[in-house]
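Residue numbers for the sequence shown follow this note's numbering, so the first one is 346 and each next one is one higher. Yeah, the Cβ is synthetic: ideal placement off N, Cα and C, and Gly gets one too. None of these values were measured; they are calculated from a predicted model. I have placed the structure first, in the form of structure tokens, so that the comments after it can refer back to it.
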Amino acid sequence: MATVSSMTGFARTGGQASFGTFTLEAKSVNGKGMDIRLNLPREFQGLETRIKSRLSQRFSRGSFQVSLKYERSQGAVGVHINPDALKALIDAYEQADGQLATGTALATLMTAKGVLEDTAGDLEVTKSDEEIILAAIDVVFQALDEARREEGEKLGSLLSAQVSEIANFVAQARTFADDQIAQVRKRFEGKLAEFDVEGRVDAERLAAEVAVLLTKADVTEELDRLDAHVVSARAMLEAENAIGRKLGFLAQEFHREANTLCAKSASLELTNCGLALKSVIDQFKEQSANVE
Numbered sequence: 346m347a348t349v350s351s352m353t354g355f356a357r358t359g360g361q362a363s364f365g366t367f368t369l370e371a372k373s374v375n376g377k378g379m380d381i382r383l384n385l386p387r388e389f390q391g392l393e394t395r396i397k398s399r400l401s402q403r404f405s406r407g408s409f410q411v412s413l414k415y416e417r418s419q420g421a422v423g424v425h426i427n428p429d430a431l432k433a434l435i436d437a438y439e440q441a442d443g444q445l446a447t448g449t450a451l452a453t454l455m456t457a458k459g460v461l462e463d464t465a466g467d468l469e470v471t472k473s474d475e476e477i478i479l480a481a482i483d484v485v486f487q488a489l490d491e492a493r494r495e496e497g498e499k500l501g502s503l504l505s506a507q508v509s510e511i512a513n514f515v516a517q518a519r520t521f522a523d524d525q526i527a528q529v530r531k532r533f534e535g536k537l538a539e540f541d542v543e544g545r546v547d548a549e550r551l552a553a554e555v556a557v558l559l560t561k562a563d564v565t566e567e568l569d570r571l572d573a574h575v576v577s578a579r580a581m582l583e584a585e586n587a588i589g590r591k592l593g594f595l596a597q598e599f600h601r602e603a604n605t606l607c608a609k610s611a612s613l614e615l616t617n618c619g620l621a622l623k624s625v626i627d628q629f630k631e632q633s634a635n636v637e
């Protein structure tokens, strides 16, 4: 079986640049198309287009979230006391309290807004920093891809088992369907004998009525189409390309034929088999929604 790719995955990486350290996280969940959400600091928003391009080149489907966080190195961080602001606060305190601001009072005043100022200034991102970030983006996307494929291996095995279960129920339904035709014919002939209509009903018309009843009870076409869908599903699970949408469509086709099968059923055995078949198809549909 080829590797199926799930749409669920998570990856994290980090690195060092001129400004300090950074951490990148990428996660994805199932989605009908491509939905990309980036959480980038203001200084790195110029990379948005290139990050989205890299993501779209690697993946074809899913809802993605990519976040970047950074911490500046010690040498790039500093504080400066604003003497004017501090003096104004001390004067106001001493005037209100009537004594010098010392010890605890002075420490409290130092925490007031505007007293301590960040001397580091705005972060300057160099061309080299951008290349480092983009290289890390490639690393985290590769790790995300591997996580999705690892999850996809489990998903592919589960889907394959469900397809085999569908095939088994279809085979059982064929046996019950053959019995159903015989039972319908037998019941009809019994009714004819009960009302003693022989010799009083046109033979050709009677044959036509029997044919209509048998056609309504015949589920051969539905079973043949279900078998064909099983073959298609197995072929898809062997494919290397993105198959999620195709599997979703196939699940709908499975469901349509199973519904018709149950509607045509005239026996308890076939009805129970059809309901069990629909249950497995529902599980198949639910799991296929997670395939890329």
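Provide the residue span of the alpha helix (DSSP H) that contains ASN617, from first to last.
613–633
Could you pull the DSSP bridge partners for LEU383 from this structure?
VAL411
Cutting at 6 Å between CB atoms, please list the residues of its own chain near HIS600, excluding the five before and the five after it.
ILE626
Mind checking which residues open and close the alpha helix (DSSP H) that includes PHE599?
589–609
State the start and end residues of the unbroken beta strand (DSSP E) segment that holds SER639.
Because the chain is modelled from 346 through 637, residue 639 falls outside the range shown and cannot be assessed.
Give me the residue from LYS623, LEU592, PHE594, GLY593 with the minimum Cα distance to ASN604.
LYS623
Distance, Cα to Cα, SER351 vs ALA580?
18 Å
Per DSSP, what kind of secondary structure is ALA584 in: helix, strand or coil?
coil
Let me check understanding here. Comparing Cα to Cα, which of TYR415, THR368, ARG519, GLY359 lies closest to GLU388?
TYR415
Per DSSP, which one or two residues make a beta bridge with GLY354?
SER373
For a quick check, are the C-beta atoms of LEU503 and GLY354 less than 8 Å apart?
no
With burial defined as no fewer than 16 other Cβ atoms inside 10 Å of the residue's Cβ, what is the status of ASN635: buried or exposed?
buried
Whose C-beta lies closer than 7 Å to the C-beta of ALA492 among residues of the same chain, with five residues either side of it excluded?
GLY354, PHE355, ALA356
Three-state secondary structure (DSSP) at VAL484?
helix
So the alpha helix (DSSP H) THR394 belongs to, where does it begin and stop?
393–403
DSSP state of GLU567 mapped onto helix, strand, coil:
helix
State whether the stretch 467–484 contacts the stretch 388–402, with contact taken as three or more CB pairs (one from each stretch) at a distance under 8 Å.
yes
Given this structure, state the Cα-to-Cα distance separating MET379 from GLY619, to the nearest angstrom.
36 Å
Identity of the residue in LEU615, GLY459, ALA430, LEU400 nearest LYS372 by Cα
LEU400
Pull up the distance between the alpha-carbon of ALA506 and that of GLN525, whole angstroms please.
28 Å
Which whole-angstrom value is the C-beta distance of THR348 and GLU469, which I expect to be below 8 Å?
Contact flag wrong, Cβ pair sits at about 43 Å.
Can you give the Cα-Cα distance for GLU567 and GLN632, rounded to whole angstroms?
23 Å
Supposed close pair LEU595, VAL515 - CB separation, criterion 8 Å
About 14 Å separates the two Cβ atoms, so there is no contact after all.
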